[in-house]
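A.B. asks:
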Amino acid sequence: MLRTLKKLCLLNGISGSEEEVREYIKAQALRCTDDVRTDRMGNLIVVKHASNNAENCADNNTNCSCNAENDAPLPKLMIAAHMDEVGFIINGITDKGFLKFAPVGGIDPRVVFNRRVWVGEKRIPGVTGLKAVHMSTPEEREEIPKWTSMYIDIGAKDKEEAEKLVNIGDCAAFYSDFVRFGKGDGFVKAKAIDDRCGCAIMLKLLEKDLPMDVTFVFTVQEEVGVRGATAAAWSVKPDIALILEGTTSADLAGVDGHKKVTTIGGGPVIGFMDAGTIYDRKLFEALRDLATENKLPWQIKGRIAGGTDAAAVQRSRSGVRVACLAAPVRSIHCPNSVAKTSDLKQCYTLTKLFVDAVASGRIR
Amino acid sequence: MKSKEYIKKLCAAAGPTGFERPVSRTAEELIAPFADEVHVDTLANLVAVRRSGLKNAKKLLLAAHLDEVGLVVTGHEDGFLCVGQIGGLDPRVLPDRDLTVMTDPPRLGVVSVQPPHVLKAEDMSKALKLSDIRVDVGLTQEQAVREVPIGTPITYRMEGFDLLNGRYVSKTLDDRACFAILIRTAELLKDALEHGMELPWDVYFVGSTGEERSEGGAAAAAFNSEADVCIAVDVTQASSPDAGGEKLAHVVTELGGGPVLKVGPNITKYVGNRLAELADRNGIPRQRIAAPGRTGTDAWAMHIVRGGVASGIVELPLRYMHSPAECLDFADVEYCAQLLAAYALDPGKEALEC
Chain U
4 MLRTLKKLCL LNGISGSEEE VREYIKAQAL RCTDDVRTDR MGNLIVVKHA SNNAENCADN
64 NTNCSCNAEN DAPLPKLMIA AHMDEVGFII NGITDKGFLK FAPVGGIDPR VVFNRRVWVG
124 EKRIPGVTGL KAVHMSTPEE REEIPKWTSM YIDIGAKDKE EAEKLVNIGD CAAFYSDFVR
184 FGKGDGFVKA KAIDDRCGCA IMLKLLEKDL PMDVTFVFTV QEEVGVRGAT AAAWSVKPDI
244 ALILEGTTSA DLAGVDGHKK VTTIGGGPVI GFMDAGTIYD RKLFEALRDL ATENKLPWQI
304 KGRIAGGTDA AAVQRSRSGV RVACLAAPVR SIHCPNSVAK TSDLKQCYTL TKLFVDAVAS
364 GRIR
Chain H
2 MKSKEYIKKL CAAAGPTGFE RPVSRTAEEL IAPFADEVHV DTLANLVAVR RSGLKNAKKL
62 LLAAHLDEVG LVVTGHEDGF LCVGQIGGLD PRVLPDRDLT VMTDPPRLGV VSVQPPHVLK
122 AEDMSKALKL SDIRVDVGLT QEQAVREVPI GTPITYRMEG FDLLNGRYVS KTLDDRACFA
182 ILIRTAELLK DALEHGMELP WDVYFVGSTG EERSEGGAAA AAFNSEADVC IAVDVTQASS
242 PDAGGEKLAH VVTELGGGPV LKVGPNITKY VGNRLAELAD RNGIPRQRIA APGRTGTDAW
302 AMHIVRGGVA SGIVELPLRY MHSPAECLDF ADVEYCAQLL AAYALDPGKE ALEC
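In order, the protein sequences belong to chains U and H.
Using the working numbering, the letters of the first sequence map in sequence onto residues 4 to 367.
Using the working numbering, the letters of the second sequence map in sequence onto residues 2 to 355.
1) Using a Cβ-Cβ cut-off of 8 Å (strictly less than) and excluding sequence neighbours within five positions of H/Asn-225, which residues of its own chain qualify?
2) What number of angstroms, rounded off, separates the C-alpha of U/Asn-59 from the C-alpha of U/Ala-53?
3) For H/Glu-78, would you say it is in contact with chain U, using Cβ-to-Cβ distances shorter than 8 Å as the test?
4) Determine the burial state of H/Gly-308: buried for a count of at least 16 other Cβ atoms within 10 Å of its Cβ, exposed for fewer.
5) Counting C-beta neighbours from all protein chains within 10 Å, is the total for H/Asp-175 16 or more, i.e. buried, or is it exposed?
6) Give me the Cα-Cα distance between H/Arg-52 and H/Leu-100, rounded to the nearest whole angstrom.
7) Throw me the rounded Cβ distance for the U/Val-169 and U/Ile-96 pair, which I believe falls under 8 Å.
8) Where do the N-terminal and C-terminal ends of the beta strand (DSSP E) with U/Ser-340 fall, by residue?
9) Exposed or buried, H/Gln-142, counting other C-beta atoms within 10 Å across all chains shown (16 or more means buried)?
10) Given a cut-off of 8 Å, decide if H/Ser-113 and H/Asp-91 are closer than it, judged by their beta-carbon atoms.
11) What does a CB cutoff of less than 6 Å around U/Gly-201 pick up in its chain, not counting 5 residues either side in sequence?
12) Go ahead and label U/Gly-19 buried or exposed: buried means 16 or more other beta carbons lie within 10 angstroms of its beta carbon, across all protein chains shown.
13) Helix, strand or coil for U/Leu-77? Go by DSSP, reduced to three states.
14) Should H/Tyr-336 and H/Pro-260 be called a contact, given that it needs their Cβ atoms to be closer than 8 Å?
15) Determine which residues of the region 75 to 103 of chain U have a Cβ less than 8 Å from any Cβ of chain H, and write them out in chain order.
16) Alpha carbon to alpha carbon, what distance is there between H/Asp-333 and H/Lys-3?
17) Name the DSSP beta bridge partners of H/Arg-135, please?
18) Beta carbon of H/Val-234, beta carbon of H/Leu-183: below 8 Å?
19) Would you report the Cα separation of U/Ala-236 and U/Ser-152, rounded to the nearest angstrom?
20) Does the distance from the C-beta atom of H/Asn-267 to that of H/Gln-339 stay below 8 Å?
21) Provide the residue(s) that pair with H/Gly-217 in DSSP beta bridges, ordered along the chain.
22) In whole angstroms, give me the CA-to-CA distance for H/Ile-1 and H/Gly-89.
23) Can you tell which of H/Thr-104, H/Ile-155, H/Leu-256 has its C-alpha closest to the C-alpha of H/Arg-168?
24) Does the CB of U/Glu-58 have a neighbour CB from chain H at under 8 Å?
25) Classify H/Thr-254 as helix, strand or coil using the three-state DSSP reduction.
26) Using a C-beta to C-beta distance shorter than 7 Å, which residues of chain U count as neighbours of H/Tyr-336?
27) Measuring CA to CA, which of U/Glu-166, U/Val-122, U/Met-81 is closest to U/Ala-313?
28) Provide the residue span of the beta strand (DSSP E) that contains H/Leu-109, from first to last.
29) Just confirm the distance between the C-beta atoms of U/Lys-343 and U/Gly-268, as a whole number of angstroms; I'd bet it's less than 8 Å.
30) In the DSSP output, which residue or residues are listed as bridge partners for H/His-304?
31) So with Cβ pairs under 8 Å, would you call H/Asn-57 a contact of chain U?
32) Got a sec? Which residues, its chain only, sit under 7 Å from U/Phe-219 by beta carbon, not counting five neighbours each side?
33) Considering only the beta carbon of each residue, do H/Glu-1 and U/Gly-257 sit closer than 8 Å?
34) With distances taken Cα to Cα, identify the nearest neighbour of H/Glu-69 among H/Gly-80, H/Glu-29, H/Ser-171.
35) Could you tell me whether any Cβ in chain U is nearer than 8 Å to the Cβ of H/Ser-241?
36) Between the region 125 to 150 of chain H and chain U, which residues of the former have CB atoms less than 8 Å from a CB of the latter, in chain order?
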């Protein structure tokens, strides 16, 4: 799974330009199932049917997996993670050939300076500038420059040259390598761990024999208002949806108790409530019990903040029961996000247990 | 382009002020093929000499510093590292920055940053102070204290990459790019001598240490060599959208505009004027910046070594100085080397007689 995560994190997929990520995931998914389609918004919808050794209902209708014991129809299960990441969009070119930009999704302006970036599909290399420390006043050094005064340097001689290579509306993505570090190499740092970790977990599940039909949705445009999931949930029509995410961790030096939000190494974060969703209580309890019974650590967010695709899915059509599992991520939405591999592996294990529990009729 | 290879190798070595020895070794390997003698001295200065073969030869010393700005571990909190700075850097470049922590072997560190969700809106527009910076090394407090002791140096971590038009971004171009200029100068001299030209004096190529704190390395090298003329080769500010305009016109130069010749009390006139003359004669574009006092280069220290040393300053325009992503133009690199080689071969009467 870490190898897949590495591949995914090195791809660029700013909200609205997820093509690179989708093509990679699509190729992987096609090795596991033929039932792969891309909808009009760009969501990748992958259905993995129950394996042959699992018993399915007679007509093998994807909307009607059945529980082997009592032949009652199984709920339709959707698992989703978003492919997009936060980044920038070019909105101007100066006379001297520097690029102006705006953030796409929520980016902390404090982490933007002197970064290596890729601009556009051609991946033109650039660097975000900030005048040297020698030329700034002490007052300037206390303030973070406004988005409108930031710029990307691609080395162009002038506007004309820059315009040949870059268009208004091109995206720019952080360049960041994938590195394992810390005790026992138990940590990873990369960009876009939110939410390529969810995508990696789904790709691993796709490789397995599953006990029931599962629809995997790789969504677009989560970071600009859960837009892909809105459309995908409408067409997939799930009864139950599990959202896989990376979530905020402020588990940092000098931060105590609930202010950490989540703890790195504390295991999967089971969603009960965030700024967008109050999750289905029964599903929350089921995930909690599954973790406890299987001796997996688990935690809840110490702060009602952030949101996931669940907000859109829950309110689709006549309503969907939603649950969320997330890996804690430090410096989320930053070029050097940090996660712990044990959390990622446990998120996968708990997701698998959840699928088994739905298939067995334990979760109805 | 060979200069890029030199720069890549030099920048890959970690060497904040006081910890330059690994860089000195890299510098030694790279310049040795173009020198008659090479050694590393007490303060870790790398000294390479090209002899003229003349009796009682005068001496020219070219210095580019090998040290870089960085951080140093000053304590531990919950397994994270507290840091102080080595040399001057803008703490605004640090949040979420990946760093190289110089343990053996070196390890990755990431500057932690409080997520927006737990901050007040006004905190997001405020810069973090160095005293608030903590570095995540993926360790518990006990492990961190043991494995990354206080005093461990830390550097930026940014591999070099190309922009358009021969422009190049990397960490530590200040001042490794200028040591690469010295290697290229030595190469040009070797070539010239093989083509029958004669060196009028001995030339010392010094990779100096300690510049970002005290210019102490260069002073010792100038003392040891008993140099007659010294030239500091260092970087200087180049313009960008937030660094330009009337307010900064007197300190800012143009990237790709050629070598910058400083003019002021730290520069001996017969050295500075000769450099300008040679640039014009050889079709090398040049820029001029006034330096009313302290120049912030090795020349400031070397000028007053022993009974005084004639001094000059040749500078390479650089954007985003002291950040993890500095930016140069290779045309400037080549022009600087050509100018220094021209000067070494033909410094004029005053330099050789004074």
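In this text, a Cβ means the ideal position worked out from N, Cα and C, and glycines have one as well.
C.D. replies: Working from what's here:
1) Asp-42, Val-48
2) Caution applies to U/Asn-59, whose pLDDT of 46 falls short of 50 and renders its modelled position unreliable; the value that the coordinates give is listed next. C-alpha separation (whole angstroms): 7 Å.
3) yes
4) exposed
5) buried
6) 41 Å
7) 7 Å
8) 340 to 343
9) exposed
10) no
11) Ala-84, Leu-247, Glu-248
12) buried
13) coil
14) yes
15) Thr-97, Lys-99, Phe-101
16) 14 Å
17) H/Cys-83
18) yes
19) 39 Å
20) no
21) Its beta-bridge partners do not exist; DSSP assigns none.
22) One cannot answer for residue 1 of chain H here, as it falls past the ends of chain H, which runs 2 to 355.
23) H/Leu-256
24) With a pLDDT of 47 at U/Glu-58, under the threshold of 50, the modelled position of this residue cannot be trusted; read the value that follows with caution. It does not: the Cβ of U/Glu-58 has no partner Cβ on chain H nearer than 8 Å.
25) strand
26) Near H/Tyr-336 there are no residues of chain U at all, since even the closest Cβ is about 17 Å away, more than 7 Å.
27) U/Met-81
28) 108 to 112
29) 5 Å
30) Its beta-bridge partners do not exist; DSSP assigns none.
31) no
32) Val-49, Lys-51, Ile-82, Met-205, Leu-209
33) Here chain H comprises residues numbered 2 to 355, so residue 1 of chain H is not present and cannot be evaluated.
34) H/Ser-171
35) yes
36) Met-125, Ser-126, Lys-127, Ala-128, Leu-129, Arg-135, Asp-137, Val-138, Gly-139, Leu-140, Thr-141, Gln-144
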